[in-house]
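**Student:**
2 protein chains.
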Amino acid sequence: MTARFQSVAIIGTGLLGASLGLAMKQRGLAQVVHGVGRRQSSLDIALERSAIDRGHLDPKDAILDADLIVICTPAGFVPEMLDCVRDHASPNAIVTDVTSTKRTICDHAASTWQKPRRFIGSHPMAGSESFGPEHAASNLYEGRYVLVESAPNLDDVACATVHDLWESIGAITVDVDPAEHDHLLARTSHVPHIAAAAVAMLTRNQRGIRPFAGGGLRDITRVAAGRPELWRDICLTNAESVSSTLDDLIATLQEFKDAVAEEDANGLDQLFEAGRQARLDAFDENNGDST
Amino acid sequence: MTARFQSVAIIGTGLLGASLGLAMKQRGLAQVVHGVGRRQSSLDIALERSAIDRGHLDPKDAILDADLIVICTPAGFVPEMLDCVRDHASPNAIVTDVTSTKRTICDHAASTWQKPRRFIGSHPMAGSESFGPEHAASNLYEGRYVLVESAPNLDDVACATVHDLWESIGAITVDVDPAEHDHLLARTSHVPHIAAAAVAMLTRNQRGIRPFAGGGLRDITRVAAGRPELWRDICLTNAESVSSTLDDLIATLQEFKDAVAEEDANGLDQLFEAGRQARLDAFDENNGDST
Chain A
10 MTARFQSVAI IGTGLLGASL GLAMKQRGLA QVVHGVGRRQ SSLDIALERS AIDRGHLDPK
70 DAILDADLIV ICTPAGFVPE MLDCVRDHAS PNAIVTDVTS TKRTICDHAA STWQKPRRFI
130 GSHPMAGSES FGPEHAASNL YEGRYVLVES APNLDDVACA TVHDLWESIG AITVDVDPAE
190 HDHLLARTSH VPHIAAAAVA MLTRNQRGIR PFAGGGLRDI TRVAAGRPEL WRDICLTNAE
250 SVSSTLDDLI ATLQEFKDAV AEEDANGLDQ LFEAGRQARL DAFDENNGDS T
Chain B
10 MTARFQSVAI IGTGLLGASL GLAMKQRGLA QVVHGVGRRQ SSLDIALERS AIDRGHLDPK
70 DAILDADLIV ICTPAGFVPE MLDCVRDHAS PNAIVTDVTS TKRTICDHAA STWQKPRRFI
130 GSHPMAGSES FGPEHAASNL YEGRYVLVES APNLDDVACA TVHDLWESIG AITVDVDPAE
190 HDHLLARTSH VPHIAAAAVA MLTRNQRGIR PFAGGGLRDI TRVAAGRPEL WRDICLTNAE
250 SVSSTLDDLI ATLQEFKDAV AEEDANGLDQ LFEAGRQARL DAFDENNGDS T
């Protein structure tokens, strides 16, 4: 089913929000797209790129008659936006978000919204270390997975519509429990990002480092160029899983350290082989693509 | 100056050795290229690709009348190859290698070869997680840095010739002291590689992980698909620097852990910002490109 809407409000017109607007407008899925930004300059870029039809600094102006509202702000702003939408949007509006952590946000909605709930959390596995509407692309979501909240007391129509929305712009949706989502994402995204930042920091204060910095380091640290405040919010809204997964990572690095210090060739072979196998398993096309 | 040779012996015809043969043959830099492999099947691929002119299982057959010998075996085999070359090659032969660690190998040569030494260590910052002569490319070294040993008691002509060799196939050479090399490479390559393996291992035994594994994880863990024995040898021949750099990495991850556990938003901001700045500095084109 293709999802079509009269009035769409995209709150936050950064890379993800502006790309969503572009994708919907290019496919004729929305009669009008309202964008909400914190700065007029950012809205102006989104307008210039035709990612939105109208720009607003106050979310209330954008959501008043919206039948679809997508919250695309950093994680830290989502709870207050949820409150604002609950209090000011039409009770028939269908609402979702794009945040990289889900439990804090979905718990907040579950405890403050009426049931059956018409806010359904989403997390598109799209984006990059680039940010801002100037990097928006109408094909950003094509072929990407979008993880969609599965929980009790959700409105069936809202659920189906949120799945349709993402599939209409080329994504593949997967149902997931918010707590399970955050547990897995700590392992596949949040702690790997911290590791990339920590690896980048190893090169600090080393003179003339450039000839020594090869393609491997470039790949490993690429995501460390992303926005600090985005990753801060992700860590704070998934603190428990991030913290315990960091313990796991540190323990594994300590195993490597011990094997190096003891010149344990066999142990190092096994550790590197385990890393190689895990990498192949995670990205093997035949490894299944459902939860 | 373009380097030209009568008879070149490439010991080890994997990705780096076969690519070197291809690059030299395509540019007419060698009258004949002898390849040495441990398995005939690997030599056959190198011959088929025209990366070498003749294949040998015994290095002595290849080096007898060589005026250039390049040791392209994994780090663990280099000392015995150095002994073999010293005992069986012409004393006029110029010798180098391509190993990712330099101190162990250069120290071995310094203590066992006559002075002035005609073995000069090299480390091309080229390669990938792919391996074997089937992935060889004549342009593998183009635009890449090659770190070349700088030390007392090196033969001037041998030194100049090794620089010319790499520059003749499109690389940029940089002089470096072997101990300084290993110190820096632990930070820019060896420990980052361990981190990539350890991050990949976080995804083990998680069912249906594929939809949760995005582009960031793919980049961060790419090098973890490389050959375990190669990275084992690198760790064992640079144990001291790898070990102390791993301590640094673990300490930084512990700082992240503490900031997450204490919900220290400001501390997390500063840590991610430090990672971002280090990443930008390491790969900033304007950041200087000499040691």
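Chains as they are written, first to last, in the numbering used here: chain A, 10 to 300; chain B, 10 to 300.
We treat Cβ as the ideally placed atom computed from N, Cα and C, and that holds for glycine.
Note that the coordinates shown come from a computational prediction; the quantities given were computed from them, not determined experimentally.
Determine, using beta carbons only, whether Glu282 of chain B comes closer than 8 angstroms to chain A.
**Tutor:** Taking the first residue of the second sequence as position 1, residue 282 of chain B is located at position 273. Cβ-Cβ to chain A under 8 angstroms: yes for Glu282 of chain B.
**Student:** Quick check on the burial criterion: 16 or more other C-beta atoms within 10 angstroms. Buried or exposed for Leu66 of chain B?
**Tutor:** Numbered from its first residue, the second sequence carries residue 66 of chain B at position 57. Exposed is the call here.
**Student:** Using a 10 Å radius around the Cβ and a threshold of 16 neighbouring Cβ atoms, would you call Glu151 of chain A buried or exposed?
**Tutor:** Within the first sequence, numbered from 1, the residue matching residue 151 of chain A stands at position 142. Burial call: exposed.
**Student:** Please confirm if Cys244 of chain A has its CB atom under 8 angstroms from at least one CB of chain B.
**Tutor:** For this step, residue 244 of chain A is matched to residue 235 along the first sequence. Yes - at least one Cβ of chain B is within 8 angstroms of the one on Cys244 of chain A.
**Student:** Checking contacts by CB at 8 angstroms: is His144 of chain A closer than that to chain B?
**Tutor:** Along the first sequence, one-based indexing puts residue 144 of chain A at 135. Output row for His144 of chain A: interface = no.
**Student:** Report yes if the C-beta distance between Lys69 of chain B and His97 of chain B is below 8 angstroms; otherwise report no.
**Tutor:** As a working mapping, residue 69 of chain B is identified with position 60 in the second sequence. As a working mapping, residue 97 of chain B is identified with position 88 in the second sequence. Yes, Cβ-Cβ distance for Lys69 of chain B and His97 of chain B is below 8 angstroms.
**Student:** If you measure between the beta carbons of Tyr154 of chain B and Pro187 of chain A, is that distance less than 8 angstroms?
**Tutor:** Residue 154 of chain B sits at position 145 when you count from the first residue of the second sequence. Residue 187 of chain A sits at position 178 when you count from the first residue of the first sequence. Not a contact, by the Cβ cut-off of 8 angstroms.
**Student:** Across which residues does DSSP place His65 of chain B in a beta bridge pair?
**Tutor:** Residue mapping note: residue 65 of chain B aligns to position 56 of the second sequence, counting from 1. When beta bridges are read from the DSSP output, His65 of chain B appears opposite B:Val45.
**Student:** Which runs of the beta strand (DSSP E) fall wholly inside the segment 51-102 of chain A and span at least 3 residues, in chain order?
**Tutor:** 63-65 and 77-80
**Student:** Helix, strand or coil: which one does DSSP assign to Asp184 of chain B?
**Tutor:** What you label residue 184 of chain B is simply residue 175 of the second sequence in a count that begins at 1. Three-state DSSP puts Asp184 of chain B in a strand.
**Student:** Measuring only between beta-carbons, confirm whether Arg47 of chain B sits less than 8 angstroms from chain A.
**Tutor:** By one-based count along the second sequence, residue 47 of chain B stands at place 38. It does not: the Cβ of Arg47 of chain B has no partner Cβ on chain A nearer than 8 angstroms.
**Student:** I'd like to check one pair, Val232 of chain A with Gly26 of chain B: are the Cβ atoms closer than 8 angstroms?
**Tutor:** Locating residue 26 of chain B in the second sequence gives position 17, where the first residue counts as 1. Locating residue 232 of chain A in the first sequence gives position 223, where the first residue counts as 1. Val232 of chain A is positioned such that its CB atom lies no closer than 8 angstroms to that of Gly26 of chain B.
**Student:** Between the Cα of Val45 of chain B and the Cα atoms of B:Arg36, B:Gly21 and B:Ala60, which residue gives the shortest distance?
**Tutor:** For this step, residue 45 of chain B is matched to residue 36 along the second sequence. For Val45 of chain B, the nearest C-alpha among the options comes from B:Gly21.
**Student:** How far does the alpha helix (DSSP H) with Pro237 of chain A in it extend, from its first residue to its last?
**Tutor:** Here residue 237 of chain A corresponds to residue number 228 of the first sequence, with the count starting at 1. Pro237 to Thr246 is the span of the alpha helix (DSSP H), which, as asked, contains Pro237 of chain A.
**Student:** Kindly list the residues whose CB is nearer than 6 angstroms to the CB of Leu77 of chain A, restricted to its own chain and excluding five residues on each side of it in sequence; keep chain order.
**Tutor:** Reading the first sequence from its first residue, position 68 is the one you call residue 77 of chain A. Non-local beta-carbon contacts of Leu77 of chain A in its own chain, meaning distances under 6 angstroms to residues more than five positions away in sequence, involve Phe14, Val17 and Ile103 in chain order.
**Student:** Which whole-angstrom value describes the C-beta separation of Arg58 of chain A and Pro133 of chain A, a residue pair presumed to lie in contact below a C-beta threshold of 8 angstroms?
**Tutor:** Indexing the first sequence from 1 puts residue 58 of chain A at position 49. Indexing the first sequence from 1 puts residue 133 of chain A at position 124. Not confirmed; about 19 angstroms, so no contact.
**Student:** Do Val269 of chain A and Cys93 of chain B have their C-beta atoms within less than 8 angstroms of each other?
**Tutor:** The residue given as residue 269 of chain A occupies position 260 in the first sequence. The residue given as residue 93 of chain B occupies position 84 in the second sequence. No, they are not a contact pair.
**Student:** Compute the Euclidean distance between the alpha carbons of Leu24 of chain B and Ala160 of chain A, then round it to the nearest angstrom.
**Tutor:** One-based indexing of the second sequence puts residue 24 of chain B at position 15. One-based indexing of the first sequence puts residue 160 of chain A at position 151. Spanning the two alpha carbons is a distance of roughly 51 angstroms.
**Student:** For the beta strand (DSSP E) holding Ile20 of chain A, just list the boundary residues, first then last.
**Tutor:** Here residue 20 of chain A corresponds to residue number 11 of the first sequence, with the count starting at 1. Unbroken beta strand (DSSP E) run through Ile20 of chain A: Phe14 to Ile20.
**Student:** Going along the chain, which residues of its own chain have a beta-carbon closer than 6 angstroms to the beta-carbon of Ala71 of chain A, five neighbours each way excluded?
**Tutor:** Looking up residue 71 of chain A in the first sequence gives position 62. Hits under 6 angstroms: Ala18, His43, Val45 and His65.
**Student:** Spatial neighbours of Asn296 of chain B within its chain, please: C-beta separation below 7 angstroms, excluding the five flanking residues on both sides.
**Tutor:** In the second sequence, the residue the question calls residue 296 of chain B occupies position 287. Unreliable placement is indicated for Asn296 of chain B, whose pLDDT of 40 sits below 50; the coordinate value is still reported in the next sentence. Counting only Cβ-Cβ distances below 7 angstroms, and skipping sequence neighbours, we find Asp290.
**Student:** Mind reading off the beta-carbon distance from Ala207 of chain A to Val251 of chain A? Whole number of angstroms is fine, and I expect it under 8 angstroms.
**Tutor:** One-based indexing of the first sequence puts residue 207 of chain A at position 198. One-based indexing of the first sequence puts residue 251 of chain A at position 242. 13 angstroms between Cβ atoms; not a contact.
**Student:** Can you name the residues of chain A whose CB is closer than 7 angstroms to the CB of Arg288 of chain B?
**Tutor:** The residue labelled residue 288 of chain B in the question sits at position 279 within the second sequence. Correct list: Ala209, Thr230, Ala233 and Ala234.
**Student:** Quick check on Ile203 of chain A - is its C-beta less than 8 angstroms from some C-beta in chain B?
**Tutor:** As a first step, residue 203 of chain A must be located in the first sequence, where it is residue number 194. The Cβ of Ile203 of chain A sits closer than 8 angstroms to at least one Cβ of chain B.
**Student:** Check whether the Cβ of Phe140 of chain A lies closer than 8 angstroms to any Cβ atom in chain B.
**Tutor:** Counting from one through the first sequence, the residue named residue 140 of chain A turns up at place 131. So, not an interface residue.
**Student:** Would you mind giving the Cβ-Cβ distance between Leu280 of chain A and Phe265 of chain A, rounded to the nearest angstrom? I have them listed as a contact below 8 angstroms.
**Tutor:** Here residue 280 of chain A is taken as the residue at index 271 of the first sequence, counted from 1. Here residue 265 of chain A is taken as the residue at index 256 of the first sequence, counted from 1. Going by Cβ atoms, the distance from Leu280 of chain A to Phe265 of chain A rounds to 6 angstroms, so yes, they are a contact pair.
**Student:** Count the other C-beta atoms from every protein chain shown that fall within 10 angstroms of the C-beta of Thr11 of chain B, then say buried if there are 16 or more, exposed otherwise.
**Tutor:** Numbered from its first residue, the second sequence carries residue 11 of chain B at position 2. Burial call: exposed.
**Student:** If you follow the alpha helix (DSSP H) that Ser28 of chain A is part of, which residue opens it and which one closes it?
**Tutor:** Along the first sequence, read from residue 1 onward, the residue named residue 28 of chain A stands at position 19. Run containing Ser28 of chain A: Leu24 to Gln35, per the alpha helix (DSSP H) assignment.
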